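J.: Numbering-wise, UniProt numbering puts 326 at position 326 of the sequence shown, and it's gapless, one number per residue.
Each residue gets a CB set at the ideal place from its N, CA and C atoms; glycine is no exception.
Bear in mind that the values here come from a model prediction, so they are computed numbers and not experimental data.
Shown below is the structure under consideration.
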Amino acid sequence: MLLNFLSNKDVIIVGDFNIPSFVLDESEPKLNILKNFIEVSDLKQYNNVKNTNGRLLDLVLSNITCQAQRDSSSLVKEDRHHPSLILQFSVTAQKSYNFRSNRDHRMFNFRKANFPLMYHLVSQMSWHNVIECTDVNDAVQQLERNLKNIFELSVPYKISSPRKYPPWFSRNTIKELKQKELAHRLYKKHKTDDYYDRFHNLRSSVKRKINDDYYNFLNHAENSISSDPTQFWNFIRNKKGNSRIPGVMRMEGSVFENEQDIVDAFGRYFSSVYNIPNVTLADDLPQKYFNQPAITITTITEADVINSSKKLKNKLIIGPDQIPSFLIKDCIFPLLQPLLYIYNLILKTNTFPQAWKLAKITPVLKKGDPSQISNYRPISVLCNFAKLFEMIIYWCIYSATKETLSTDQHGFIDKKSCVTNLACLTQTICENLDDRGQVDVVYMDMQKAFDRIDLGVLLKKLGFFGFTDDLLSLFKSYLFDRNQYVEFEGYRSSLITPTSGIPQGSNLGPLLFLLYINDLTLDVKCSKLLYADDLKIYCSVVTNDDCLALQQDIDAISAWSLSNHLELNPDKCSVVSYTKKNNPITFPYHMNHTILSRQEQIRDLGILFDQKMSFAPHIESTVSSANRMLGFVIRNGRQFSISVLKLLYTSYVRSKLEYGVLIWYPYYVTHISQIERVQRKFLKYLYFKKFGVFPERGFDYSILLNEAKIISLNKRRIYLASAFCINCYTAI
């Protein structure tokens with residue numbers, strides 16, 4: 001019923017479920033079935049009022065926020081086993097508060113471009129006006145002007161406008177719908193058979209057209225999802241008719257209802273994270289790298305441009321210059337001449353084009369209330385020509401510095417990942433637990449590290465790595481005087497000038513960050529691991545002296561953060577003592593006079609660690625999350641074909657059950673069954689899609705696997721673990 005009739009509706013289920021152990025952590029079959037139902041249906045239990053026996057029999061399950069309270073004045077005589085309840089919940093009218101598009105905003109509609117004509121014009125274009133320029137900014141301006149002249153001839157404009165009708169309605173359907181409404185008004189006015197017949201015929205025709213349009217809409221969605229599963233979210237948003245940002249937003253007690261005010265508020269919020277540069281900080285920075293070979297880049301070749309262009313995404317990604325990435329990828333040979341000239345002119349003059357230092361920011365919801373601006377993070381889109389140049393420079397610098405990068409760093413490093421980071425930590429902890437020992441791990445949090453890098457300090461450190469004066473001049477031009485703006489639905493905020501941080505969305509940004517923090521752990525004596533700015537230090541604890549050594553490393557890292565203008569947040573730093581001892585050593589680790597909090601569980605790079613390394617909490621959390629995602633996929637994709645459903649399952653459900661599985665590999669039968677049960681539910685649904693009935697209880701799992709051509713999760717874990725070991729061996 002929930003699947004077919006109440007999908008994506010507000011649901012409240014109230015009743016006596018007769019499972020008094022619901023509030024307890026017991027492994028009871030009925031309780032597990034109920035919990036799975038709650039998770040798949042995306043419900044929560046809101047009643048905590050127990051009966052006179054201290055039991056909770058009556059449950060309130062809902063996908064909207066409810067409050068259940070004891071009713072002191074019941075309408076009928078109260079049963080002592082079932083106390084009277086008052087339920088409070090709010091239901092709002094279906095009113096649209098969508099972010100309205102800017103009708104005055106025009107942009108090229110590349111989806112409807114005349115591609116043969118556009119590619120022909122690019123191939124025939126003369127680039128003399130670009131090559132004659134001696135100033136790199138003039139050359140970039142001429143290149144963009146030439147391409148936009150081509151777009152004017154081959155690409156139509158698109159004007160943003162709010163939709164009154166569902167997105168699958170075609171123009172003919174909308175036209176006929178208006179005719180039907182007119183015919184209905186005429187019939188109501190004149191009451192003649194002719195008008196009624198016309199209205200009746202149009203109504204029948206409109207119904208057929210709407211069904212046909214929706215069928216075509218589904219087909220288009222299926223084709224899009226088949227090539228890119230992330231299009232599933234666009235399908236859901238289009239189907240619901242919701243904009244990604246509501247039309248009413250809030251920030252720090254202020255309410256914004258005007259679209260321009262909203263994007264300006266986003267701009268102010270995103271600009272609040274930057275640091276003010278410390279002009280004396282770089283001068284006092286000690287030299288920590290010696291005898292580094294000089295790093296310089298004198299020229300860029302055709303092969304560099306062609307090879308890097310292959311890594312561009314063949315998508316409709318459009319930067320501030322309105323030049324899409326697919327055009328560069330498809331037309332790289334006609335564009336070689338102007339690009340080679342501009343790229344080498346940049347190296348010759350040590351000047352990065354000002355037009356390529358502009359970034360377009362789109363707000364993306366992290367989690368929580370979508371009407372709160374603070375719940376969004378910025379996603380930057382840069383000019384694609386600039387990104388191609390950065391790809392070339394990246395490999396030149398990475399090749400020259402990779403041997404100097406810390407071996408403890410696992411972020412943005414070839415053949416390293418979150419899993420390799422956690423595997424190093426897990427190995428140490430498990431070896432100590434086997435010997436009845438103790439490992440103390442200090443997890444550290446840097447506040448907005450990527451956005452708060454001091455650019456003066458960064459340039460100084462690049463010099464330590466061996467960057468020549470010319471290359472440093474180029475990077476100074478690249479890093480300083482950048483601008484960005486927030487844009488959404490045709491509205492654009494005023495320009496924001498970042499005063500700190502690496503360019504977000506850039507190819508060079510992650511590498512520059514690694515170079516900046518590379519000396520962070522040089523003075524740390526205990527074991528340490530990094531994943532970008534995610535840092536943890538740890539050691540085996542036998543006596544208080546081991547704790548004191550770890551405390552000294554905390555002090556060293558605190559001192560580094562001050563001298564490098566990257567602030568640590570002691571309130572978000574934590575300590576976990578991994579041990580099975582009854583009386584472990586509990587040392588009061590501190591940072592900047594603040595005692596660090598101790599945790600029994602902590603989520604590290606997506607994996608929930610517990611003190612005894614059982615990973616039972618992680619498995620329960622993962623299965624719950626996978627069940628909720630499975631229910632979401634089934635509810636919103638029930639009209640899709642089996643092949644698309646399988647793709648969505650593997651992309652969004654199975655991936656949750658397999659992330660970092662080498663770290664938390666289940667070995668108890670109960671955990672293995674708990675995980676496999678998620679896939680079994682999906683396979684039962686596929687069986688229902690194919691045959692119209694659900695398989696009976698106890699149906700052979702192997703038959704379901706063979707029918708869907710899917711292997712069990714247990715076998716996949718064996719393959720994944722084997723592949724990880726092989727990759728580690730080949731990476732040595």
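#1: Mind checking whether Ile508 and Glu696 have CB atoms under 8 Å apart?
#2: Going by DSSP in three states, Tyr157 sits in which element: helix, strand or coil?
#3: Please list the terminal residues of the continuous alpha helix (DSSP H) segment that includes Met391.
#4: How would you label Ala294, buried or exposed, when you count the other beta carbons within 10 angstroms and need 16 or more for buried?
#5: Using the C-alpha atoms, what's the distance from Asp71 back to Ile318?
#6: If you draw a straight line from the alpha carbon of Phe113 to that of Pro229, how long is it in whole angstroms?
#7: Return the residue from the list Ile496, Ile328, Ala731 that minimises the CA-CA distance to Phe270.
#8: Do Glu489 and Phe99 count as a contact pair if the criterion is CB distance below 8 Å?
#9: How far does the alpha helix (DSSP H) with Leu422 in it reach, from first residue to last?
#10: With burial defined as no fewer than 16 other Cβ atoms inside 10 Å of the residue's Cβ, what is the status of Thr407: buried or exposed?
#11: Can the beta-carbon of Cys383 be found closer than 8 Å to that of Pro320?
#12: Work out the CA separation of Gln438 and His618 for me, nearest whole Å.
#13: Per DSSP, Leu608 forms a beta bridge with which residues?
#14: Which runs of the alpha helix (DSSP H) spanning at least 4 residues fall entirely within the segment 462–515, listed in chain order?
#15: First and last residue of the alpha helix (DSSP H) that includes Phe22?
#16: With DSSP as the reference, label Ser624 as helix, strand or coil.
#17: Given Met613, which residues of its chain have a CB within under 7 Å of its CB, disregarding the five upstream and five downstream residues?
#18: Compare the beta carbon distance of Val122 and Pro334 with 8 Å and say whether it is the shorter of the two.
#19: Tell me, to the nearest whole angstrom, how far the beta carbon of Leu645 is from that of Gly637; I am working on the premise that it is less than 8 Å.
#20: Taking just the CA atoms, how far does Asn518 sit from Lys415?
#21: With distances taken between CB atoms, is the gap from Val633 to His565 smaller than 8 Å?
#22: Look up Tyr538 in the DSSP assignment and give the residues it is bridged to.
#23: Sort Leu85, Ser540, His184 by Cα distance to Asp435 and report the nearest one.
#24: Indicate whether Asp553 and Cys573 have their beta-carbon atoms separated by less than 8 Å.
#25: Please classify His220: does DSSP put it in a helix, a strand, or coil?
#26: So, with DSSP's three-state summary, where would you put Lys189?
#27: If I follow the unbroken beta strand (DSSP E) through Phe115, where does it start and stop?
#28: When the Cβ atoms of the segment 585–595 are set against those of the segment 470–484, are three or more pairs found closer than 8 Å?
#29: Could you check where the alpha helix (DSSP H) with Lys239 kicks off and where it finishes?
#30: Looking at the structure shown, is Cys547 part of a helix, part of a strand, or coil, going by DSSP?
#31: Could you name the residues of the same chain whose beta carbon sits closer than 6 Å to that of Ser477, not counting the 5 residues immediately before and after it, in chain order?
#32: For Lys690, which residues in the same chain have their Cβ closer than 8 Å to its Cβ, ignoring the five residues on either side in sequence?
#33: Using DSSP's beta-bridge definition, name the partner residues of Asp369.
#34: State the start and end residues of the unbroken beta strand (DSSP E) segment that holds Val14.
#35: In chain order, what residues of the same chain lie with their CB nearer than 7 Å to the CB of Asn238, ignoring the 5 residues before and after it?
#36: What is the rounded straight-line gap between the Cα of Leu462 and the Cα of Leu285?
T.: In this structure, then:
#1: According to the sequence as given, residue 508 is Leu; it is not Ile. Taking C-beta atoms as the reference points, Leu508 and Glu696 fail to come closer than 8 Å.
#2: strand
#3: 384–401
#4: exposed
#5: Per the coordinates, the alpha-carbon of Ile318 lies some 58 Å from the alpha-carbon of Asp71.
#6: Just to set this straight, residue 113 is Ala in the shown sequence, not Phe. Roughly 24 Å between the two C-alpha positions.
#7: Ile496
#8: yes
#9: 418–434
#10: exposed
#11: yes
#12: 21 Å
#13: Leu608 is bridged to Arg603.
#14: 469–479
#15: Careful: Phe22 lies outside any alpha helix (DSSP H) and carries neither H nor E.
#16: helix
#17: The residues Ile429, Cys430, Leu433, Tyr578, in chain order, have a CB closer than 7 Å to that of Met613 in the same chain once the five nearest residues on each side in sequence are set aside.
#18: yes
#19: 6 Å
#20: 18 Å
#21: no
#22: Val441, Ser527
#23: Ser540
#24: For Asp553 and Cys573, no; Cβs fall outside 8 Å.
#25: helix
#26: helix
#27: Per DSSP, Phe115 belongs to no beta strand (DSSP E); it is in the alpha helix (DSSP H), 115–124.
#28: no
#29: Counting along the chain, the alpha helix (DSSP H) containing Lys239 begins and ends at 231–240.
#30: helix
#31: Here the set comprises Thr351, Phe352.
#32: Ile642, Glu707
#33: In the DSSP output, where bridge partners are listed per residue, Asp369 has none listed.
#34: 12–16
#35: These residues qualify, in order along the chain: Pro167.
#36: Rounded to whole angstroms, Leu462 to Leu285 spans 12 Å at the Cα level.
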